[in-house]
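Here's the structure we're looking at; comments come further down.
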Amino acid sequence: MAKSQILAIDAGGTMTDTFIIDEKGDFVVGKAQTTPLDEHIGLLNSAKDALSQWNAKMEDEFPNLLAGVYSGTAMLNRLVSRVGRRVGLVVNKGMEDNHRMGRGLQSFLGYSYSDKIHINTHHFDPPLVPRKWTVGVTERVDLFGNVVIPLYEHEIEPAIQKLIDEDVEAIVISLLHSYKYPTHERKIRDIAEQIVAKANKDIKVFATVDYYPVRKESHRTNTTIVEAYAAEPSRKTLENIDTALREAGTNFDLRIMASHGGTISIKANELARTCVSGPIGGMVGAKYLAEKLGLKNVACSDIGGTSFDIGLITQGELAINASPDMARLVLSLPLVSMDTTGAGTGSFVRIDPNYGNITLGPDSAGSRVGVCNPKGGLDTVTVSDCHVVLGLINPDNFIGGVIKLSKEKAYEAVKTQIADPLGLTVEDAAYGVIELLESQLRNYLESMILGKGYSPSQYVCFSYGGGGPLHTAGYTKGLGFEDVLIPAWAAGFSAFGCGAADFEYRYDKTLDLNVDDRAEDSDILLAGRELQAAWDELKKKVTEEFKKNDYSPEEVDFRLLYRMQYQGQLNDLEIEAPISAFKSVDDWDSLIQTFEETYSRVYAKSALSPELGYSITGAIVRGVVEVAKPQIPQEPLFGETPPVDAFLGFRKIYWNGEHLQAKIYEMEKLLPGNRIDAFSILESTATTLVVPIGFEAYLDENRIFHLKEIKE
772 MAKSQILAID
782 AGGTMTDTFI
792 IDEKGDFVVG
802 KAQTTPLDEH
812 IGLLNSAKDA
822 LSQWNAKMED
832 EFPNLLAGVY
842 SGTAMLNRLV
852 SRVGRRVGLV
862 VNKGMEDNHR
872 MGRGLQSFLG
882 YSYSDKIHIN
892 THHFDPPLVP
902 RKWTVGVTER
912 VDLFGNVVIP
922 LYEHEIEPAI
932 QKLIDEDVEA
942 IVISLLHSYK
952 YPTHERKIRD
962 IAEQIVAKAN
972 KDIKVFATVD
982 YYPVRKESHR
992 TNTTIVEAYA
1002 AEPSRKTLEN
1012 IDTALREAGT
1022 NFDLRIMASH
1032 GGTISIKANE
1042 LARTCVSGPI
1052 GGMVGAKYLA
1062 EKLGLKNVAC
1072 SDIGGTSFDI
1082 GLITQGELAI
1092 NASPDMARLV
1102 LSLPLVSMDT
1112 TGAGTGSFVR
1122 IDPNYGNITL
1132 GPDSAGSRVG
1142 VCNPKGGLDT
1152 VTVSDCHVVL
1162 GLINPDNFIG
1172 GVIKLSKEKA
1182 YEAVKTQIAD
1192 PLGLTVEDAA
1202 YGVIELLESQ
1212 LRNYLESMIL
1222 GKGYSPSQYV
1232 CFSYGGGGPL
1242 HTAGYTKGLG
1252 FEDVLIPAWA
1262 AGFSAFGCGA
1272 ADFEYRYDKT
1282 LDLNVDDRAE
1292 DSDILLAGRE
1302 LQAAWDELKK
1312 KVTEEFKKND
1322 YSPEEVDFRL
1332 LYRMQYQGQL
1342 NDLEIEAPIS
1352 AFKSVDDWDS
1362 LIQTFEETYS
1372 RVYAKSALSP
1382 ELGYSITGAI
1392 VRGVVEVAKP
1402 QIPQEPLFGE
1412 TPPVDAFLGF
1422 RKIYWNGEHL
1432 QAKIYEMEKL
1442 LPGNRIDAFS
1452 ILESTATTLV
1462 VPIGFEAYLD
1472 ENRIFHLKEI
1482 KE
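Residue numbering for the sequence shown follows our numbering, beginning at 772 and increasing consecutively.
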């Protein structure tokens, strides 16, 4: 029997997926309900489910594991629900209201377009740090890093003491333009730590320059507050998971999926970048799979119980957003660019009382599934109830039969809440809900691609997530993708992505290095020295992080990146440097050439504007340690006809006004080379793939289904 080597975990709002990889790169996917109050319970149940497919036991396999990677939503949920630490904030005197006021766009983040354009719908959420826990000290540094007003050190002690008296649990220091001149913030930090120690208090002090030394005060302040408010409490949750895994027999340092697409240790200095670890895993898994399949352009789509997450891989690269937003806050985190909408299989379905039309979400049943779950305690219809009514999912095989769903309860709820008010049959009402959902998802996916200046015909679409295969045909219909791929392990794809991610730290620093076109060599070398100094500083930070997990600098692959734009333009580009260090004017020429090649690809060659001069706006260092990764299945091809033992019989379903007999197949027993025509339903314990009229599916040698629209 193969020995397990890697455990990858994706703890979503509804389900916890585990992905266990053995020494040959083979893997199994497990699924169990998420247990929000104590995540390790759902995690271990999911791992047991996975190992049962190898007829293996946890106590035998866990000691063999070499690595474990976690992704989840606990930290983000803490942030969204505003349940965090009491944080005190030290700012420039006169700026005490800045955090409370927030950026204007924070008043409409997450809104629909119609709500965004009507100012009377806008509102600000309560600040993470209330005004009474915000204090100011006198100092001023200008945007060039020049000290205009020195730090009034005599104001520091009373300010910190006031926060201690308010019984705060953490203190954040954020001064204007400190990324240019960090001395004042560090002085306040050192004095604050002395005062805290003297008061015999357990209060951690966070200076923004130690965490996020980047431009944009609101973003930088918010992110460091999130570090204190939500990330540090979440570290305790991660430590509890790590402890539970060790008690179950493991002996590795748990890693977490980070927003930039790598994994970091739970001991990492900056833990806020793990806020949105779950969906990022899917994007990283898609990039890894695309590389193995030789695909350059991929549109990624992930449907879970709560949301629909989409993102693009263009020319083999993930786009990075340096100033994203989440939980209605603007932040300074390098985040893999993704779009999310609150539309999943657990989304609530209601009739709008004002207009009499069907509305979906954005709230969701989460792990309770729907009214069809007798133990869920729900009385509002969800999309999953409509699946049950239509016969698309087997109520006796949900999560392998762990939960028995009630078709009768789903039918009655859809009838009472949706069908009767609209004057429809129950089946037509349920089908209308599915059609509405898929239409919205299709529009959302198409608009994201077109909005980036591309066409769906230039992309292959990957569909994954527990709910993805149910709706793939519906939301890709008519878009003209080059191909539509659904991995057989789609239900655990985000966990697969965690297993495919490198152990990687990334640090960023804002720079303002302006060099004119045809500049003197002395000006170029001066800018080069500043860039190299920033790279050296960030390289040291990366090295220190890896030391926490006993990796020496020699074991780390350091990758240098920079952000550049033409002088005066608003948007910069993140580019991997073609040099290992800046030593000469020739190195500057290499940076310029690489920038302009990237610029031509992103915009157009005719848009090149060297006469404006160049600005390096940021330095970035990524440190990577190679880890074991899953192998993509490679199996021999068989005939087009599915084997007899894969066919489970027929099931009555309702589709587009007709009662049909759908062919039911067991997904795991289908063989590479098999072609499945409509109307077919491919069942697995963790997901269901629907092949409706107008489509056919083909299973290739990598155990990936190709869903093809048949032209009539």
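For glycine and all other residues, C-beta sits at the position ideal for the given N, C-alpha and C.
Is it buried or exposed, residue i, if we count other Cβ atoms within 10 angstroms and call 16 or more buried?
| i | result |
| --- | --- |
| isoleucine 1424 | buried |
| leucine 860 | buried |
| histidine 1158 | buried |
| lysine 1310 | buried |
| lysine 972 | exposed |
| tyrosine 982 | buried |
| serine 1218 | exposed |
| asparagine 1342 | exposed |
| asparagine 917 | exposed |
| leucine 1497 | No statement about residue 1497 is possible, as the shown extent of the chain runs from 772 to 1483 and does not include it. |
| aspartate 1167 | exposed |
| glutamine 776 | buried |
| isoleucine 1328 | The displayed chain sequence assigns aspartate, not isoleucine, to residue 1328. Exposed, because fewer than 16 other Cβ atoms sit within 10 Å of the Cβ of aspartate 1328. |
| serine 1005 | buried |
| isoleucine 890 | exposed |
| alanine 1378 | exposed |
| histidine 894 | exposed |
| glutamate 1429 | exposed |
| asparagine 1011 | exposed |
| aspartate 1156 | buried |
| lysine 903 | exposed |
| isoleucine 1464 | exposed |
| proline 1240 | buried |
| isoleucine 1391 | buried |
Taking residue i as the reference, give the member of the options with the closest Cα.
| i | options | result |
| --- | --- | --- |
| serine 1380 | Phe1353, Gly1389, Arg1099, Gln1336 | Gln1336 |
| proline 921 | Thr954, Asn1068, Thr1459, Ile812 | Thr954 |
| serine 925 | Asp936, Ile962, Leu899, Ile1189 | Sequence inspection shows histidine at residue 925; the serine mentioned does not correspond to that position. For the residues Asp936, Ile962, Leu899, Ile1189, the minimum Cα distance to histidine 925 belongs to Ile962. |
| serine 1293 | Lys1248, Lys1354, Pro1324, Gln932 | Lys1354 |
| valine 1204 | Gln1188, Glu1217, Met1219 | Gln1188 |
| phenylalanine 798 | Asn1092, Gly855, Lys1175, Gly1268 | Gly1268 |
| aspartate 868 | Ser1108, Val906, Leu1089 | Val906 |
| aspartate 781 | Glu794, Asp793, Lys802 | Lys802 |
| lysine 1180 | Leu1149, Ser1323, Val851 | Leu1149 |
| leucine 1460 | His1477, Ile1295, Asn1473 | His1477 |
| isoleucine 1129 | Asp1110, Lys1146, Thr1153, Thr909 | Thr1153 |
| valine 1313 | Gly1087, Gln1086, Ile1346, Arg1393 | Arg1393 |
| histidine 1242 | Leu1453, Val1185, Glu940, Leu822 | Leu1453 |
| glutamate 1183 | Asn1214, Ile1174, Cys1143 | Cys1143 |
| histidine 1031 | Asn1011, Ala1019, Gly1052 | Gly1052 |
| alanine 1200 | Lys1186, Arg1213, Arg1289 | Lys1186 |
| isoleucine 1356 | Ala1298, Val1101, Ile1037 | The amino acid occupying residue 1356 in the given sequence is valine; isoleucine does not appear at that position. Ranking the options by Cα distance to valine 1356, first place goes to Ala1298. |
What residues match up with residue i in a beta bridge as DSSP calls it?
| i | result |
| --- | --- |
| tyrosine 967 | A small fix is needed here, since residue 967 is valine in this sequence, not tyrosine. According to DSSP, valine 967 bridges with nothing at all. |
| arginine 1422 | Ala1433 |
| threonine 1153 | Phe1119 |
| valine 1462 | Ser1451 |
| valine 800 | Phe790 |
| lysine 1440 | None; lysine 1440 has no bridge partner. |
| tyrosine 1469 | Arg1446, His1477 |
| arginine 1393 | Arg1277, Arg1330 |
| isoleucine 1387 | Leu1284, Met1335 |
| glycine 839 | Leu778 |
| glycine 1082 | Cys1071 |
| isoleucine 944 | Val861, Ala978 |
| methionine 1097 | Leu1100 |
| asparagine 1092 | Leu1106 |
Assess, as a yes-or-no matter, whether the segment 1226-1239 is touched by the segment 1074-1081 under the definition of 3 or more beta carbon pairs within less than 8 Å.
-> yes
Tell me the start and end of each unbroken beta strand (DSSP E) in the segment 1022-1052 that is at least 3 residues and wholly inside, in chain order.
-> 1026-1028, 1034-1036
At what residue ranges does the segment 1164-1235 contain a whole run of the alpha helix (DSSP H), taking only runs of 4 or more?
-> 1178-1185, 1197-1222
Whole beta strand (DSSP E) elements within the segment 867-908, 3-residue minimum | 905-908
Complete runs of the alpha helix (DSSP H) confined to the segment 1264-1350 [at least 4 residues] = Whole alpha helix (DSSP H) segments, 4+ residues: 1264-1271, 1292-1318.
Inspect the CB distances between the segment 1398-1405 and the segment 1425-1438 and report whether three or more fall short of 8 Å.
-> no
Secondary structure, beta strand (DSSP E): runs of 3+ residues fully inside the segment 973-1030 | 975-978, 1026-1028
Counting Cβ pairs closer than 8 Å, one from the segment 1041-1053 and one from the segment 882-897, do we hit at least three?
-> Counting Cβ pairs under 8 Å, fewer than three are found: no touch.
Given 8 Å as the limit, is there contact between the segment 784-793 and the segment 1251-1270, that is, 3 or more CB pairs closer than that?
-> Enough Cβ pairs lie closer than 8 Å, so yes.
Touch test, the segment 863-879 against the segment 989-1006, Cβ-Cβ under 8 Å, three pairs minimum = yes
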